[in-house]
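Q: Have a look at this one before I ask anything.
2 protein chains.
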Amino acid sequence: MFDLIIIGMGPGGYEAALTALRKKINVAIVEKSKLGGNCLNRACIPTKYLRSGAHSIEKLQKLKAYGIEVKDYSIDYKAAFENKEKSIGFLRKSLEQLLKSKKVPVFKGKGKIIDKNKVEVSYPDGSKEIIEGKNIIIATGSYPASVGKLIPDGNYIITTEDYMEKLDTLPESMLIVGGGVAGCEIGYIAKSYGCQVYITELQDRLLPSDIISPEISKNLLKKLNSVGIKTFFNTTVEDFSIEESKIKVKLSNGEIIVVDKILLTVGRKPNTQDIDTIGIEKDEKGFIKVNSYLQTNFENIYAIGDVVNSPMLAHIASYEAKIVLHNITSQDKKIPDYTLTPWAIFSGYEIGHVGLNEETAKKQGLEVISGYYPFTYNEKAVDELEPEGYVRLYFEKNSKKIIGVDVVGIGASEIIHQIAVFIKEGYTADQVHEFIYFHPSLSEIFAYASYDIAVGKLF
Amino acid sequence: MFDLIIIGMGPGGYEAALTALRKKINVAIVEKSKLGGNCLNRACIPTKYLRSGAHSIEKLQKLKAYGIEVKDYSIDYKAAFENKEKSIGFLRKSLEQLLKSKKVPVFKGKGKIIDKNKVEVSYPDGSKEIIEGKNIIIATGSYPASVGKLIPDGNYIITTEDYMEKLDTLPESMLIVGGGVAGCEIGYIAKSYGCQVYITELQDRLLPSDIISPEISKNLLKKLNSVGIKTFFNTTVEDFSIEESKIKVKLSNGEIIVVDKILLTVGRKPNTQDIDTIGIEKDEKGFIKVNSYLQTNFENIYAIGDVVNSPMLAHIASYEAKIVLHNITSQDKKIPDYTLTPWAIFSGYEIGHVGLNEETAKKQGLEVISGYYPFTYNEKAVDELEPEGYVRLYFEKNSKKIIGVDVVGIGASEIIHQIAVFIKEGYTADQVHEFIYFHPSLSEIFAYASYDIAVGKLF
Chain A
1 MFDLIIIGMG PGGYEAALTA LRKKINVAIV EKSKLGGNCL NRACIPTKYL
51 RSGAHSIEKL QKLKAYGIEV KDYSIDYKAA FENKEKSIGF LRKSLEQLLK
101 SKKVPVFKGK GKIIDKNKVE VSYPDGSKEI IEGKNIIIAT GSYPASVGKL
151 IPDGNYIITT EDYMEKLDTL PESMLIVGGG VAGCEIGYIA KSYGCQVYIT
201 ELQDRLLPSD IISPEISKNL LKKLNSVGIK TFFNTTVEDF SIEESKIKVK
251 LSNGEIIVVD KILLTVGRKP NTQDIDTIGI EKDEKGFIKV NSYLQTNFEN
301 IYAIGDVVNS PMLAHIASYE AKIVLHNITS QDKKIPDYTL TPWAIFSGYE
351 IGHVGLNEET AKKQGLEVIS GYYPFTYNEK AVDELEPEGY VRLYFEKNSK
401 KIIGVDVVGI GASEIIHQIA VFIKEGYTAD QVHEFIYFHP SLSEIFAYAS
451 YDIAVGKLF
Chain B
1 MFDLIIIGMG PGGYEAALTA LRKKINVAIV EKSKLGGNCL NRACIPTKYL
51 RSGAHSIEKL QKLKAYGIEV KDYSIDYKAA FENKEKSIGF LRKSLEQLLK
101 SKKVPVFKGK GKIIDKNKVE VSYPDGSKEI IEGKNIIIAT GSYPASVGKL
151 IPDGNYIITT EDYMEKLDTL PESMLIVGGG VAGCEIGYIA KSYGCQVYIT
201 ELQDRLLPSD IISPEISKNL LKKLNSVGIK TFFNTTVEDF SIEESKIKVK
251 LSNGEIIVVD KILLTVGRKP NTQDIDTIGI EKDEKGFIKV NSYLQTNFEN
301 IYAIGDVVNS PMLAHIASYE AKIVLHNITS QDKKIPDYTL TPWAIFSGYE
351 IGHVGLNEET AKKQGLEVIS GYYPFTYNEK AVDELEPEGY VRLYFEKNSK
401 KIIGVDVVGI GASEIIHQIA VFIKEGYTAD QVHEFIYFHP SLSEIFAYAS
451 YDIAVGKLF
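Protein sequence lines, in the order shown, are assigned to chains A and B. The opening residue of the first sequence carries number 1 in full-length UniProt numbering; numbering runs sequentially from there. The opening residue of the second sequence carries number 1 in full-length UniProt numbering; numbering runs sequentially from there.
This is the structure in structure tokens:
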């Protein structure tokens, strides 16, 4: 009997395995597909690779400012796609080799819990095997949702996973259904590499989510429009038909567009349909119900990542993995705290957020003041030819304690972390302003964004 | 009478002026040269501009990984230099306009304190004017030092300021005397743009300073050598002569090299020779003596930045400006705390450091353990085609509290800031490890660099 069986080797399962090994726990892994899960193979990592390429294309002509004149160049999406596969392959291989060197058994099939201590593994050839474990972690992740008549067929109508893993040739044109994170990320990549991109969004803005300030959506929209992406809001796909290998799409606003592909980016659903036969409790959306220690209704069976109803983010899966490994091995249980979950997106702009914004703070009954500073006057951003974007810091009005930050522009996904620590430690605007930031750095923009509130206004 | 006269409008004076304006203090400025000081016009900002260009050149061929094939391009240093001037000009102009819009009198001459409340301004045309102030801040910065026979002549033997402000054409070859920050930064720039670069260093490594771990020096040396910079350690310039517009240099190791320019980067000296006639106390190196409130021996006269014996860094000057403005306007005085001064350099690698390292910790009697992780396996670094470099975190052995960090590689100058907050707040390895970092980010490398110490070793 293993001490621990982990079903699913994405960012949650991977972290659980690494921690288990370091804690000398006898662990087994069940994974039906590639090690690294969606995040490494079809989502976070490949999108950031291609986005970095897309951004490099955008920047190529700007390099003249550095005296670098690019006179002749070519863009080859297929080469980008293949090199992306190589990079991911390297990372997957090192994970594989690590598990091998630690002699961790990896059962390469589909896992189903058939007893509180038993996992049945079904192999592609139809054979089955049963393994036993004292504890089990369900970390099987999620799959792309579909909407209405738009059923992915892997050819005309594709998912983000099809796009990232299979579509090695860029279509001439593509309609993206859904203006959320995945739609904005892939839209920018596809457009930069030469595809005509349309985005339809059911709601009235890009990134329609409470935690995303309307100001962010507005800025990103302007940017995506400026690179040539056409957007439709409050709009759905009413109908579509395939005509001469093209898709003729009728939108709810009456417009008709003709594209080569429709990319569905309308959210994800937990991979829990066939996870057990023993009555593990799920909610109406299929998320596994867990208590605050991340235990299911079976105390030795835990669930982490996209299968539970916490933020669907890779770093939350790995955070939960750490919590569970602690709870498995320790008497004093830990409870996850999601308040400081950093969030970032890589589209026309890099955008980052942590903590509250005006909308979410108001919902908590807080009075908010905010401080703003554009990258235009940040010397480091100017030096990097990236003067677009801004920072907005949110403070509780009376205490002047920092409660959140939005960053649009260069470095967003990194510099939010120091603000996360400031929030955790209850720093006031004064403390944020007087903190010693390196000069010139992007981070020092926080000293400027807190100036008005800490010291007083200039105008 | 003004409330405050600021002599010198570099990063210290600029911050002092901005803070004074926000505090509604009646301020006057004395500046003999360009607004923004050395930092904006001849040091921090232009070097980071040109370094970003240099790094872009290095990366140009790597873009193939993104399917971007650059087939024909040209490098024009003069264009880079001129565009750098434009960028700086924009930033200087906005500073100028800000002061104008706030109607701040700027006396464009050399200031000398002739009475505890009087500053005599000498103008370039020989005329003089006396202005009066309740308080005075000396923020006149520093100038490049010279060594032995190597006296800057602005032609053959130049300073970093000559290089950044005047040298619009790249020499074919250059000897840099001094392997410190400026030498390593400018050396990388010049080499990338096509100049043959030699560096001589008196000591046995690049960046010879207590706060720089030998491991950092070793990595940077390997990189600079790999791009073709020739380095000589434990070596001085013994003699030189000008022959047919070239400089023939004899090194102390017996080697003879012939170059177009000698660039002196052997440190800086405070600009205090002619600052007063009233007996403001200075130390033997010319630094103005200040008490812990940054007051000179005249209680209404303060000194900040490179003229005092604190770290010669722009962000320390502006930090000290904030402290002084507080102390001028408040009864409860503040004392500057330099323990968390972030430090970064932009050379062949971006390198950052904050807190202690093994050497400096040992000197304080601390036992140290450290955690290491290379960027090779950091997914974001891989996505950005920047897998070189590493992170080393330093912890006090018994408490496992974090006390310092070295970062070599992408994002170094930004991601050190979150570690600065961790150090300030006394975080343990556990807390550093369990902090929620965005995935994929460079910052999450800290979770991996603390893994061994927080959880246990893998091997």
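The beta carbon of each residue, even a glycine, is placed where N, CA and C say it ideally should be. If you're wondering where the values come from, they're calculated on a predicted model, not measured in any experiment.
Rounded C-beta distance between A/Asn271 and A/Tyr143? I'm assuming under 8 Å.
A: About 6 Å separates the two Cβ atoms, so the contact holds.
Q: Quick one, which of A/Ser347, A/Lys100, A/Glu69, A/Lys110 has its alpha-carbon nearest A/Asp125's?
A: A/Lys110
Q: What did DSSP end up calling B/Tyr156 once you bin it into helix, strand or coil?
A: B/Tyr156 sits in coil when the DSSP states are folded into three classes, being neither helix nor strand.
Q: According to DSSP, simplified to helix, strand and coil, what is B/Glu350?
A: strand
Q: Determine, for A/Gln418, whether the minimum Cβ-Cβ distance to residues of chain B falls below 8 Å.
A: yes
Q: Apply the 10 Å Cβ neighbour rule to B/Leu458 and answer buried if 16 or more other Cβ atoms are within range, or exposed otherwise.
A: Exposed, by the Cβ-count rule.
Q: Please confirm whether A/Ala344 and A/Ser413 have their CB atoms less than 8 Å apart.
A: yes
Q: Going along the chain, which residues of the segment 12–40 of chain A sit with their C-beta nearer than 8 Å to a C-beta in chain B?
A: Within the segment 12–40 of chain A, the residues whose Cβ lies closer than 8 Å to any Cβ of chain B are, in chain order, Leu18, Thr19, Leu21, Arg22, Lys23, Lys24, Cys39, Leu40.
Q: Of all the residues that make up the segment 65–77 of chain A, which are near chain B by a beta-carbon distance shorter than 8 Å?
A: Ala65, Tyr66, Gly67, Ile68, Glu69, Val70, Lys71, Asp72, Tyr73, Ser74, Ile75, Asp76, Tyr77
Q: Name the two residues that bound the continuous beta strand (DSSP E) containing A/Tyr49.
A: Premise fails: A/Tyr49 lies in the alpha helix (DSSP H), 44–60, not in any beta strand (DSSP E).
Q: Does the segment 227–242 of chain B come into contact with the segment 143–156 of chain B, if we say contact requires no fewer than three beta-carbon pairs (one atom in each stretch) closer than 8 Å?
A: yes
Q: Assuming B/Ser94 is part of the beta strand (DSSP E), what are its boundary residues?
A: Not the beta strand (DSSP E): B/Ser94 falls in the alpha helix (DSSP H), residues 77–101.
Q: Would a C-beta distance cut-off of 8 Å place B/Ile68 and A/Ile57 closer than the cut-off?
A: yes
Q: For B/Gln431, does the three-state DSSP call read helix, strand or coil?
A: Three-state DSSP puts B/Gln431 in a helix.
Q: What span of residues does the beta strand (DSSP E) with A/Lys380 cover, start to end?
A: It is not in any beta strand (DSSP E) - A/Lys380 instead sits in the alpha helix (DSSP H) that spans 379–383.
Q: For A/Met1, does the count of other Cβ atoms within 10 angstroms reach 16, so buried, or fall short, so exposed?
A: exposed
Q: Return the chain-ordered list of same chain residues with a C-beta closer than 7 Å to the C-beta of B/Asn253, the five sequence neighbours on each side being excluded.
A: Phe232, Thr235
Q: So for A/Gly111, helix, strand or coil by DSSP?
A: strand
Q: Roughly how many angstroms separate the alpha carbons of B/Ile288 and A/Ala16, rounded to a whole number?
A: 57 Å
Q: Should A/Asp3 be flagged as near chain B, meaning a C-beta pair shorter than 8 Å?
A: no
Q: What are the residues of the segment 261–277 of chain B that lie near chain A, defined by any Cβ-Cβ distance shorter than 9 Å?
A: none
Q: Shorter than 8 Å from the beta carbon of A/Gly180 to some beta carbon of chain B?
A: no
Q: Quick one: list the residues of chain A neighbouring B/Ser56, beta-carbon separation under 7 Å, in chain order.
A: Leu63, Tyr66, Ile68
Q: Quick one: what's got a C-beta closer than 7 Å to A/Ile211's C-beta in the same chain, skipping five residues either side?
A: Trp343, His353, Asn357, Thr360
Q: Closer than 8 Å by beta-carbon distance: list the chain B residues that pair up with A/Val421, in chain order.
A: Residues of chain B passing the Cβ test: Gln418, Val421, Phe422, Glu425, Phe435.
Q: Leaving out the 5 sequence neighbours to the left and right, which residues in its chain are closer than 6 Å to B/Gly187 when beta-carbon positions are compared?
A: Ile176, Val197, Ile199, Ile229
Q: Thinking B/Leu207 and B/Gly180 are a contact (beta carbons under 8 Å), I'd like their distance in whole angstroms, please.
A: 6 Å
Q: Quick one: grab the DSSP three-state call for B/Leu202.
A: coil
Q: For B/Ser33, which of B/Ile5, B/Phe107, B/Ser101 has the nearest alpha-carbon?
A: Minimum Cα distance to B/Ser33 is reached at B/Phe107.
Q: Which word fits A/Thr159, buried or exposed, when buried means at least 16 other C-beta atoms lie within 10 angstroms of its C-beta?
A: buried
Q: Specify the secondary structure class of A/Ser441 as computed by DSSP and reduced to three states.
A: coil
Q: Of all the residues that make up the segment 373–384 of chain A, which are near chain B by a beta-carbon distance shorter than 7 Å?
A: Answer in chain order: Tyr377, Glu379, Lys380, Val382, Asp383, Glu384.
Q: Secondary structure at A/Lys24, three-state DSSP: helix, strand or coil?
A: Coil.
Q: Taking the alpha-carbon of B/Asn135 as reference, which of B/Thr296, B/Glu165, B/Thr47 has the nearest alpha-carbon?
A: Taking only the C-alpha atoms, the option nearest B/Asn135 is B/Thr296.
Q: The alpha helix (DSSP H) spanning B/Asn219 covers which residue range?
A: 214–226
Q: Could you check whether the Cβ of B/Asn83 sits closer than 7 Å to any heavy atom belonging to the ligand SAH?
A: Judged by which ligands are present, the structure shown has none, so any question about the ligand SAH falls away.
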